[in-house]
Ligand SMILES: Cc1ncc(COP(=O)(O)O)c(C=O)c1O
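Residue numbers (the numbering used here): 3 to 242.
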């Protein structure tokens with residue numbers, strides 16, 4: 003047998019053979035979009051698939067391959083793709099106008115529904131992304147307390163605005179990510195979530211902390227769970 007016919011077909015080979023249209027689109031995307039992707043989580047080697055449609059738990063790429071979709075709209079699609087009730091509601095609303103630039107009834111109803119789910123939410127502010135929400139929350143905490151510092155935890159992700167990136171996905175050694183001012187990083191105290199005595203001491207010896215921000219499910223969306231007892235002081239002292 004020739005070397006060619008005995009060559010092992012790798013997953014990579016098969017992926018490339020089945021996704022030629024995605025490969026072409028990726029090459030095109032790289033000429034207009036940084037790294038050819040519109041969200042970091044779409045980074046895939048050798049290149050991402052380009053999807054053309056989705057329904058329920060499945061999606062199909064531009065080459066016609068069918069996938070079971072474990073992405074689920076980054077976790078947002080509890081009802082799967084294009085649930086008929088969601089499609090009907092979106093179509094009905096889009097026909098009534100796409101950007102009223104005015105207050106309306108449904109924003110009040112929506113805020114009330116959020117309050118029913120999260121009764122401690124005295125007021126609800128809508129933002130377009132989690133990044134904006136955490137940016138706003140930290141600003142609000144500083145405005146309310148008059149204190150400058152934020153306590154964060156290694157590996158806990160809160161979006162990509164300047165003051166929460168270092169130590170979340172990279173720069174764990176305290177170095178400064180490109181494009182971010184050292185003075186901004188100085189406003190964060192970043193501790194390992196498993197070092198409860200150090201967190202406890204920090205909270206009880208400093209008087210300049212406006213807020214503690216963390217992923218309640220643990221770092222990296224729960225992949226690194228919080229230690230048992232997190233949020234409770236070893237000496238039973240309250241953290242806040
Ligand atoms: C805990 C947490 N905070 C903030 C964000 C940032 O959200 P967005 O990507 O909408 O800016 C994410 C996104 O995955 C997140 O999981």
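No residue lacks a Cβ here, since even glycine has one placed at the ideal position from N, Cα and C.
Exposure of residue i, with buried meaning 16 or more beta-carbon neighbours within 10 Å
i	result
residue 210	exposed
residue 153	buried
residue 169	buried
residue 50	buried
residue 30	exposed
residue 206	exposed
residue 33	exposed
residue 158	buried
residue 120	exposed
residue 129	exposed
residue 87	exposed
Residue interval of the alpha helix (DSSP H) (run including residue i)
i	result
residue 28	22 to 31
residue 135	132 to 147
residue 204	198 to 207
residue 177	Here residue 177 belongs to no alpha helix (DSSP H), and DSSP marks it neither H nor E.
residue 185	184 to 187
C-alpha distance - residue i paired with residue j, whole-angstrom precision
i	j	result
residue 3	residue 63	At residue 3, the pLDDT of 49 sits below 50, so the modelled position is not reliable and the matter cannot be decided from this model.
residue 214	residue 76	25 Å
residue 56	residue 79	12 Å
residue 224	residue 85	27 Å
residue 134	residue 109	18 Å
residue 124	residue 66	48 Å
residue 208	residue 171	26 Å
residue 116	residue 181	36 Å
residue 220	residue 13	32 Å
residue 200	residue 53	46 Å
residue 47	residue 27	15 Å
residue 236	residue 197	11 Å
residue 99	residue 11	52 Å
residue 1	residue 101	Since the first and last residues shown for the chain are 3 and 242, residue 1 lies out of range.
residue 45	residue 155	25 Å
residue 15	residue 69	18 Å
residue 127	residue 20	45 Å
residue 147	residue 189	14 Å
Beta-bridge pairing of residue i - partner residues as DSSP gives them
i	result
residue 172	168
residue 155	193
residue 221	226
Start-to-end residues for the beta strand (DSSP E) that takes in residue i
i	result
residue 211	211 to 214
Interface flag, residue i vs chain B, CB-CB below 8 Å
i	result
residue 62	This model lacks chain B altogether, as it is built from one protein chain only.
- [ ] Note down, one range per segment and in chain order, each beta strand (DSSP E) of at least 3 residues found wholly within the segment 46 to 130.
- [x] 53 to 57, 60 to 63 and 68 to 70
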